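**Student:** Throughout the sequence shown, residue numbering follows the working numbering, covering 14 to 101 in sequence.
Backbone N, C-alpha and C fix where the C-beta goes; we use that ideal spot for every residue, glycine too.
A quick note: this is a predicted structure, and the numbers were derived from the prediction, not measured.
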Amino acid sequence: MTTYKHIVQVHPVENGEPNLSKVEYTHGALSLNDPSQVPMKYFTKEVAQAHADLMNSLIDTWEENPKGFWNKEHWKVKPEPWVVKELV
14 MTTYKHIVQV HPVENGEPNL SKVEYTHGAL SLNDPSQVPM KYFTKEVAQA
64 HADLMNSLID TWEENPKGFW NKEHWKVKPE PWVVKELV
């Protein structure tokens with residue numbers, strides 16, 4: 014059975030509107046051999062870890078590349094496992 018978790022995020026508000034440019038991301042997830050070396054940014058360590066776990070579960074599909082999931086122009090070699098890092 015699939016379970017869903019509802020996450021409420023609080024954003025800084027200016028003039029009654031969310032100001033997403035002031036949102037502070039606390040954690041990032043990336044593969045150590047990602048050519049861009051720019052982590053996906055998340056508000057919590059748990060969400061970053063969930064992304065890392067998902068990507069790690071997909072690494073073995075890199076060679077067969079079902080449905081063109083892996084952009085081989087970007088990923089020239091099989092990705093290393095994703096890790097979570099605290100953003101400073």
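Looking at C-alpha atoms only, which residue of K91, K98, V97, E37 is the closest neighbour of N46?
**Tutor:** The residue with the shortest Cα to Cα distance from N46 is K91.
**Student:** Since L43 contacts W95 with CB under 8 Å, what's their CB separation in whole angstroms?
**Tutor:** Yes, L43 and W95 are in contact; Cβ-Cβ is about 6 Å, under 8 Å.
**Student:** Mind listing, in chain order, the continuous beta strand (DSSP E) runs of no fewer than 3 residues lying wholly within the region 20-66?
**Tutor:** Listed in chain order, the complete beta strand (DSSP E) runs (minimum 3 residues) inside the region 20-66 are 40-44, 53-55.
**Student:** I'd like the span of the beta strand (DSSP E) that includes K98, first residue to last.
**Tutor:** First-last of the beta strand (DSSP E) with K98: 95-99.
**Student:** By Cβ distance, which residues of its chain are closer than 7 Å to P48, with the 5 residues on each side in sequence left out?
**Tutor:** So the qualifying residues of the chain are H87.
**Student:** Using the three-state DSSP reduction, which class does T74 fall into: helix, strand or coil?
**Tutor:** Helix.
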